[in-house]
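For the record, in the sequence shown the residue sitting at position 111 is 598 according to the working numbering, with numbers rising by one throughout. Ideal Cβ positions, reconstructed from N, Cα and C, are used throughout, including at glycine. These figures come from a predicted structure and were not determined experimentally. These notes are about the structure you will find just below.
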Amino acid sequence: MADMLQNERSETDTAVERRRGPSAGTITRMVLLTLLLLLLAAGVLYGAYLLKHLLFLIVISVFFAYLIDPLVKALRKPFKAAGKEKFMPRALAILISYAIVFSVVGFAIAAIAPSVAEQARALATNIPSYTASMQRSYEDLTKRFNRLKLPDEVQKNVTEKLTTIGTDVATEITTFLGTTVISFLTILPWFVLVPVLAFFFLKDVNLVRLGVLRMFPAGPYRARVEAMMADINLTLAAYTRAQLISCVMIGIICSLGFYTIGLKYALLLGILAGIFEFVPVLGPATIGIVVVLVAAFGEYPTKAWYVAIFLIALRICQDYVIYPRIVRGGIHLHPLMIILAVLAGEQIGGIPGVFISIPIVAIGSVVYRHILEHRGSRSVMSLWIEEPKPVESLSIEMQSATVHYSKAADKEEEK
């Protein structure tokens, strides 16, 4: 009887404590843990800022590895099916893939290099005349505005605003292009480093996965980590290949479109449009403004309208029709989140920051989503992350792989 009374009293006390809410000690621990996590996040961001060029090199190498990986798998697939995988080891398949890719790229460059070089020289020669034409157009616009006989104060304010806007736009475009050129010249040695790093990423990817999995105990935690790694892999692969396909597609479409309109330097500007497509948001906007200005102040100013309409229509089709089908749900981010990530990346790391901002945010969203699924809860931030196609199936499929890795790890420990 006494035990029953004691149990009822303890249950009553527990219920009272729940109604009162968490204790002061619990709140203190939660606050300290939150501050610790914020400090850790700030330290990681500061370290990433200091090592942004190294991080950029690693990200480019990983992207290159993702581009080569399908070809490596295709080369090894017949040997795997025939049970003769040892005749085509992964390292050999990677080297053959490199030879194929570099040969194709080399032939393509050799085919278009003369025309591109000729158009680049012509554009560089005509830049002074384009600048003078822009200056004359600005003076004519100012004279027409002054004929409106508006109050002097209004004319003065509007003229100052137009001058400021024109100066700011020209400065931003010049700075962006100059920074891009300098960054390109700075990373020339990376043309050697990127394939080397990508080779080791491709060759030792399974060892890396095994090493990460062995850091977690066998069971649901390891299964969750395996599912999260698979989700990150799908996200990065979808983003990388979608960007490459978009760059090639935009380059070809723009070259053909500019040539059809009759724009000079069609091939050069089309290739630049394809290259700048790899820089999210800012790249297409910058090259679009440059192309319209070249058309407006060139030999045929009226064609600037055709170029602007063509680029706007292409941008709408690319962003809302073509690109979503290419990605196929690989990036589960709200469009506004992508824009904010790009702007933040530009402020923190310049061109490298813009380039790696979306992959970093995408990886963060995958990790965050898996944490929510593991805890069985949702939050306000989940509204900014689009729900992907079923992740539970990934978790179920990964359980067998997790058992395999745990057995392999146990065998190695016994040895």
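- Annotation for VAL681: the continuous alpha helix (DSSP H) segment containing it runs 677–690.
- Between GLN805 and ILE737 the beta-carbon gap is near 7 Å, inside 8 Å, which marks them as a contact.
- Residues of the same chain with a CB within less than 6 Å of the CB of PRO767, apart from the 5 flanking positions on each side, are VAL829 and ILE845 in chain order.
- Runs of the beta strand (DSSP E) lying entirely within the segment 581–631 and spanning at least 3 residues: none are present.
- In the structure shown, ARG701 adopts coil according to DSSP, grouped into three states.
- In the three-state DSSP reduction, LYS571 falls in the coil class, being neither helix nor strand.
- Its Cα nearest to that of VAL588, the residue LEU554 stands out among LEU554, ALA604, ALA578 and ALA607.
- Nearest to ARG856 by alpha-carbon distance, out of ILE719, ALA552 and LEU731, is ILE719.
- The Cβ atoms of MET715 and VAL854 sit closer than 8 Å to each other.
- Taking C-beta atoms as the reference points, VAL794 and LEU750 count as a pair closer than 8 Å.
- From the listed residues ILE799, ARG516 and ALA753, the smallest Cα separation to GLY775 is found for ILE799.
- Comparing alpha-carbon positions, the option among ALA586, GLU605 and ILE614 lying closest to ALA753 turns out to be GLU605.
- Pairing LEU526 with LEU519, the inter-Cα distance amounts to about 10 Å.
- Of the residues VAL549, VAL531 and ILE514, the one whose Cα lies closest to the Cα of LEU723 is VAL549.
- Leaving aside the five residues that flank VAL681 on each side, the residues in its chain whose CB is nearer than 8 Å to its CB run, in chain order, LEU544, ILE547, SER548 and PHE551.
- The alpha-carbon separation between GLY837 and ALA529 amounts to approximately 19 Å.
- Residue state for LEU823 is assigned as helix, using DSSP reduced to three classes.
- Counting along the chain, GLN730 sits inside the alpha helix (DSSP H) bounded by residues 707–748.
- Secondary structure at GLU833: helix, using DSSP grouped into helix, strand and coil.
- Our two residues, ALA598 and ALA607, have alpha carbons roughly 16 Å apart in a direct line.
- Less than 8 Å separates the beta-carbon of LEU820 from that of ALA849.
- Bounds of the alpha helix (DSSP H) holding ILE776 are 769–783.
- Just so you know, the alpha carbons of LEU558 and LEU759 end up roughly 27 Å apart.
- For GLY832, the number of other beta carbons within 10 angstroms of its own is at least 16, and it is reported as buried.
- The alpha-carbon of GLU647 is positioned some 26 Å away from that of VAL778.
- Under the three-state reduction of DSSP output, THR789 falls in the coil class, being neither helix nor strand.
- ILE758: member of the alpha helix (DSSP H) spanning 753–763, first to last residue.
- Judged by beta-carbon spacing, PHE763 lies beyond the 8 Å limit of TYR617, meaning their Cβ atoms are not closer than that value.
- Taking 8 Å as the cut-off, the Cβ atoms of PHE745 and GLY757 count as close.
- Of the candidates ALA705, TYR708 and ALA717, ALA717 places its Cα closest to the Cα of ASN693.
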